[in-house]
Amino acid sequence: MNRFIMFNDKKVDSFLFMELSDLVKTLTKDEEMELEFGYQSYLDRQHKKVVVSHFWDNRPKEQYVYGLKSDVFLRTIGNFHYTSDKDILFFLHQIKAYSIPNFAKQLFVLLEDMRLEDICRHVRPGTKKAFVIRKHVYRHYFETQWNVNMIKSVYTDALFNYLYLLLTAEQPVNDIFLPERLRLALPFVEREIRNVYDAKSTAHISHIVLTVVDVLDELLDTDMLNTYFHLPEYIYVNQQQDREDIRRKDPLKNHDVLDKKSENEDIFQETMHTWHRETSDMTNSFLQFDLEQGSQTDLLGEGVRQGEAGDQSLGIVHGSSQKTTHNDYTHLEQQEHRYELSGRSEYEYGKENRYAKPIFVDALPPTIEQTKQYERNRGVIGPYQKKLTRSIEKVLEHKKIHPRTDLHAGRLNKKLLRFFTEEHPRLFYKKHETSPLLDAAFVLLVDCSASMYDKMEETKKGIILFHESLKALRVPHKIVGFWEDTNDATSSYQPNYFQTVIDFDDSLRKDHGARIMQLEPQEDNRDGLAIRLMTEELQKRNEKQKFLLVFSDGEPAAFGYDQNGIVDTHEAVVEARKLGIEVVNVFLANGIISESQQKTIENIYGHYSVLVPNVEQLPIFLAPLLKKLLLHKL
């Protein structure tokens, strides 16, 4: 099954994406560590992410998968555990004095990756195949680059290509044609970089690179043009700045330490008044304590007591407390945040939706024009609705009158003579049961994004067919339109609106259908959040079968949702199915459905999707779908 996601116009297997994400969390033992796709591969400790390279795109499946895994192994097993950020920061500071910093940084990453590759092979022998494939692909790539750079006389890049081929060669490498001054220094460079095989630390790698760069700096006319490996300098610079921010800048006025108290020292106790806004008794003097002066003493004083389970860390301050006379706003911000997520934890609706605020909008009483339009649309879908309900009722009636005696299995009949007189006797029967009922509940999610502007009117006919058919069969259902307000969305606040036009309590009434006409195209769509919220609604129902239908015309798109939206939506679908809820997508198009669109929908919903090439044909596709869903477990 081919499942793909479009990231920066690159096709990425979403199942592989989630597999690699789990691999990152497992190998780093950090649940907050994330996986991202980027131009080059690197580890970002500060922002807790592992970036794997698009270098592996558009390659055979085996090379693609193992190439990405080799990136993950190097960053999570290697860089995460065995690379010293302090040594990298020192290295970055040193190369500022040279005219070829790009060459220096790429050579550093190359040699460090080679050192870490040996560690990965030793620590995790199962990674060997990934690194064999990685070496094969990179050698072919650098051979090509070497030829290109030599033809173009880009000698700095050609030298780097040559050094990679030299370090990974299994047989002697052809001599490289270089200007005279570089050729004379080449034996020294080759001898020096071979020390990478004996390198035991990042500091050793740094020393090797600085030694080589110190020689080549005067011989190379230009720095490298191409970027084969990436060392994100900003990560380590910002990391150092963050450490400096928390260090004390102003010196202490004195730095002496008190002598240890003698055993016979007299101790005097004196009350010193302090004040805060809850103090009811005002005294004449208050004390202000400054941390800039005073001798250093032990962290804990002598007034300690035995700890209790409820004590906080270092919470040994004694005192009494009483109810404040003022309002306490300490947790106001936290309460507001929880309210935005309906009282749940920050990641309850997925990490991509942690700043999304669900806002539920009630439908208004329908206008006269909406009622008239609803009646016209109901007349259009009437034949489909009647045919659907009649076929389902026939199935139910057939099950009701189906013979319950003379069966091959069931309860043993008292008439056993047929066992001797018939070749294939039917000796069993079953108790008569009441007519089977459709014990099911439906939720229909309608994508109200702006891209639905040319499909919404025809989509409403399908929604009306859905409503009228289930109402005739006495099946409770709910219809909700959803969208995100782009104008008000920020990086920390994304309002998502959910307009309930038909609720479970009103779904079987005759006079509520016209509210469907209030659904209109709005702005963006955050499908993962909508599916999780409606999954919660269905979990509250007692029906045996639960279905969630999603009408949409494309992949999810919202603020900060472009890259991981499809993965988040797929995870929401998987979570719902684990809870026994069938999630089915109805994809609405206006014309031919492209292969990429099919793969995107299949990537999210698997085989549980119905592709409607023309939205005007929605009733034709929807009727058999409803029949199949309603009867598949009867």
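For the sequence shown, counting from 1, position 228 maps to 228 in the UniProt record's numbering; every step adds exactly one. For each residue, glycine too, the CB sits at the ideal point set by N, CA and C.
Quick check on residue i: buried or exposed, where buried means 16 or more other Cβ atoms within 10 Å of its Cβ?
| i | result |
| --- | --- |
| residue 652 | There is no way to answer for residue 652, as the model of the chain reaches only from 1 to 634. |
| T144 | exposed |
| L416 | exposed |
| H632 | exposed |
| D22 | exposed |
| E375 | exposed |
| Q499 | buried |
| S594 | exposed |
| P495 | buried |
| L215 | It is Val, not Leu, that sits at residue 215 in the sequence shown. V215 comes out exposed. |
| H140 | exposed |
| N377 | buried |
| V380 | exposed |
| residue 646 | What is shown of the chain runs 1 to 634, which leaves residue 646 out entirely. |
| F177 | exposed |
| S391 | exposed |
| A97 | exposed |
| Q334 | Because Q334 sits at a pLDDT of 36, beneath the cut-off of 50, its placement in the model cannot be relied upon, and the point is left open. |
| K128 | exposed |
| F73 | buried |
Between the alpha carbons of residue i and residue j, how many angstroms are there, rounded?
| i | j | result |
| --- | --- | --- |
| R541 | E571 | 22 Å |
| Y349 | Q373 | 37 Å |
| E602 | I235 | 37 Å |
| M456 | F37 | 35 Å |
| residue 720 | E31 | Shown here, the chain extends from 1 to 634; a query on residue 720 therefore has no answer. |
| E19 | F188 | 44 Å |
| T227 | D503 | 57 Å |
| I359 | K471 | 27 Å |
| G382 | G410 | 42 Å |
| N413 | P425 | 11 Å |
| I620 | K351 | 38 Å |
| F108 | H207 | 10 Å |
| G126 | S201 | 23 Å |
| L622 | T371 | 23 Å |
| Y66 | H467 | 49 Å |
| Q617 | V154 | 60 Å |
| L184 | Y162 | 15 Å |
| H512 | K461 | 15 Å |
| V132 | Y197 | 17 Å |
Between the options, which has its C-alpha nearest residue i's C-alpha?
| i | options | result |
| --- | --- | --- |
| V24 | F442, G78, F55 | G78 |
| G565 | I531, E218, D113 | I531 |
| S84 | H607, K357, D113, L186 | D113 |
| D485 | A450, L519, G462 | A450 |
| E536 | L68, H136, F442 | F442 |
| E575 | Q518, L533, T127 | L533 |
| Q518 | A557, E218, T367, L588 | T367 |
| E582 | P556, P624, D562, L630 | L630 |
| K48 | E34, R59, K61, S41 | E34 |
| A199 | T222, I119, K627, W146 | I119 |
What is the DSSP secondary structure of residue i, reduced to helix, strand or coil?
| i | result |
| --- | --- |
| T490 | strand |
| T222 | coil |
| I502 | strand |
| K394 | helix |
| A199 | coil |
| F177 | coil |
| I205 | helix |
| P425 | coil |
| V574 | helix |
| F466 | helix |
| G38 | strand |
| I368 | helix |
| residue 662 | Because the chain spans 1 through 634 in this model, residue 662 falls outside it and cannot be assessed. |
| G560 | coil |
| E32 | coil |
| H477 | strand |
| A356 | strand |
| P495 | strand |
| Y228 | coil |
Hey, could you find the ends of the alpha helix (DSSP H) residue i is sitting in?
| i | result |
| --- | --- |
| A623 | 618-631 |
| Y608 | First-last for Y608: undefined, no H or E at that position. |
| I88 | 85-94 |
| W56 | Looking at the DSSP string, W56 is not in any alpha helix (DSSP H), and its letter there is neither H nor E. |
| V137 | 128-151 |
Where do the N-terminal and C-terminal ends of the beta strand (DSSP E) with residue i fall, by residue?
| i | result |
| --- | --- |
| E520 | Here E520 belongs to no beta strand (DSSP E), and DSSP marks it neither H nor E. |
| N585 | 581-588 |
Against chain C, with Cβ distances strictly below 7 Å, would residue i count as a contact?
| i | result |
| --- | --- |
| A623 | The chain inventory of the structure shown lacks chain C, comprising one protein chain alone. |
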